[in-house]
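Participant: Encoded as structure tokens, here's the structure I'll be asking about.
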Amino acid sequence: MKKTLLATAIVSALGASAVAQAATVYDQDGTRVDIYGRIAMAIESGGTEYDGGVYEDNGAEFVDASSRLGLRLQHMVSSDLTAFGHLEWRFRADEAGNRNGNDFDAFSETRQAYMGLRSNTWGTLQAGNFDSFYFQAVTKPFDNYVTEGFEFSGHASQSRGDSIGYITPKLNGFQAFLQAKHYTERGEGEGSQRDEEIVAQGGVVYETGGLRLAAGFIDDKAVAVRGATSRFDTVSGTGNDEVRYGASAEYQFTPEFSARLGYETRDQNDDYGDNNGWDRAGLGMTYAVNEWT
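Those letters in the sequence shown? Residues -22 to -1, 1 to 271, per mature numbering (1 follows the signal peptide of the UniProt record, and there is no 0), in order.
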């Protein structure tokens, strides 16, 4: 259902930008701890009044707009090696919640929880729960209308937990990445539909001046999920056991204005029903009015 954000009110004691406005709470002897966050709410209204022939109220309501709280940690091991960690929670700012059948239980999601090592010479290695490297490199330039479902591959694509990834150092504008996620059968009984498997994703990014080019792939596994009759008797709608390929191009014409192109494709797999293969194209532009946009 298509809906419209009528107004957005953002209140953040730590700044509107989680990265740029982080508050440093400790910085001594090569160890640094930053805390960041935002309380973001909006009023959502509009859209169709009927869903599948059934009337559905489309009145206004307060909604959360990705409120979060996080910590960034780093320790300088040597002049060329830094150990780091990142922990971030998401919470729903628009609900009061309760202890019995709650709308949310305090923080609704552990969005990031990972640690790693970073070197200008050897690159970056990290493990844990983090956003898909493919998303960060290839499709993130189009991450503007995610709440409306208008996006390419999302943050969690074959990632977010039990993942390990490596990013090379930059060399003449080029940088490559490779990530693996482990799906385990540990704790499952004989005949479980949840296969033990390691799936991969990777790609390359090239940057020069205001131009940024990226291309990559994801082994798009169909993930068995909890169902009604057994622990895993249905399949997630995100993967279909085919490989997803994508590419994007972005150019920063001025500090305020940028434009981008994107493309993604995935083959059809009839074992998982109809219309699970597709070709997607995107075109976008961004104009930043001030530091809040």
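Backbone N, C-alpha and C define an ideal beta-carbon position, used for all residues, glycine too.
Taking the runs of the beta strand (DSSP E) that are 3 residues or longer, which of them lie wholly in the stretch 92 to 158?
Facilitator: Runs of the beta strand (DSSP E) inside the stretch 92 to 158: 101 to 107 and 141 to 145.
Participant: Could you give the DSSP three-state label for Asp249: helix, strand or coil?
Facilitator: Correct three-state label for Asp249: helix.
Participant: Helix, strand or coil for Arg70 per DSSP?
Facilitator: Reduced to three states, the DSSP call for Arg70 is coil.
Participant: Could you check whether the stretch 220 to 231 touches the stretch 150 to 157, counting it as contact only if at least three pairs of C-beta atoms, one from each stretch, sit closer than 8 Å?
Facilitator: Counting Cβ pairs under 8 Å, fewer than three are found: no touch.
Participant: Taking Ser56 as the reference, give the member of Asp7, Glu185 and Thr243 with the closest Cα.
Facilitator: Cα-wise, what sits closest to Ser56 is Asp7.
Participant: Determine the direct distance from the alpha carbon of Val3 to that of Phe120, and round the result to whole angstroms.
Facilitator: Those two C-alpha atoms are separated by around 33 Å.
Participant: Answer with buried or exposed for Glu87, where buried requires no fewer than 16 other C-beta atoms within 10 angstroms of its C-beta.
Facilitator: Glu87 comes out exposed.
Participant: Work out the CA separation of Val116 and residue 272 for me, nearest whole Å.
Facilitator: This structure leaves residue 272 out entirely; the chain is present only between -22 and 271.
Participant: Would you say the stretch 129 to 149 touches the stretch 99 to 113, given that touching needs at least three Cβ pairs under 8 Å?
Facilitator: Yes, since at least three Cβ pairs between the stretch 129 to 149 and the stretch 99 to 113 fall closer than 8 Å, the two stretches touch.
Participant: Just the C-alpha distance for residue 286 and Tyr14, rounded to the nearest angstrom, thanks.
Facilitator: Because the chain is modelled from -22 through 271, residue 286 falls outside the range shown and cannot be assessed.
Participant: For Gln246 and Gly224, what's the separation of their Cα atoms in angstroms?
Facilitator: Each residue's Cα considered, the two are about 16 Å apart.
Participant: Starting from the Cα of Asp109, find the closest Cα among Ala61, Arg70 and Lys159 and give me that residue.
Facilitator: Asp109 has its Cα closest to that of Lys159, out of Ala61, Arg70 and Lys159.
Participant: Work out the CA separation of Arg238 and Tyr265 for me, nearest whole Å.
Facilitator: Distance between the alpha carbons of Tyr265 and Arg238: 12 Å.
Participant: What would DSSP say about Ser86, mapped onto helix, strand or coil?
Facilitator: Three-state DSSP puts Ser86 in a strand.
Participant: Quick check on Val267: does DSSP put it in helix, strand or coil?
Facilitator: Reduced to three states, the DSSP call for Val267 is coil.
Participant: Secondary structure at Thr162, three-state DSSP: helix, strand or coil?
Facilitator: Reduced to three states, the DSSP call for Thr162 is coil.
Participant: With DSSP collapsed to three states, give me the class of Gly224.
Facilitator: Strand at Gly224.
Participant: Which residue wins for smallest C-alpha separation from Glu22, given the options Glu34, Ala38 and Ser135?
Facilitator: Nearest option by C-alpha distance: Ala38.
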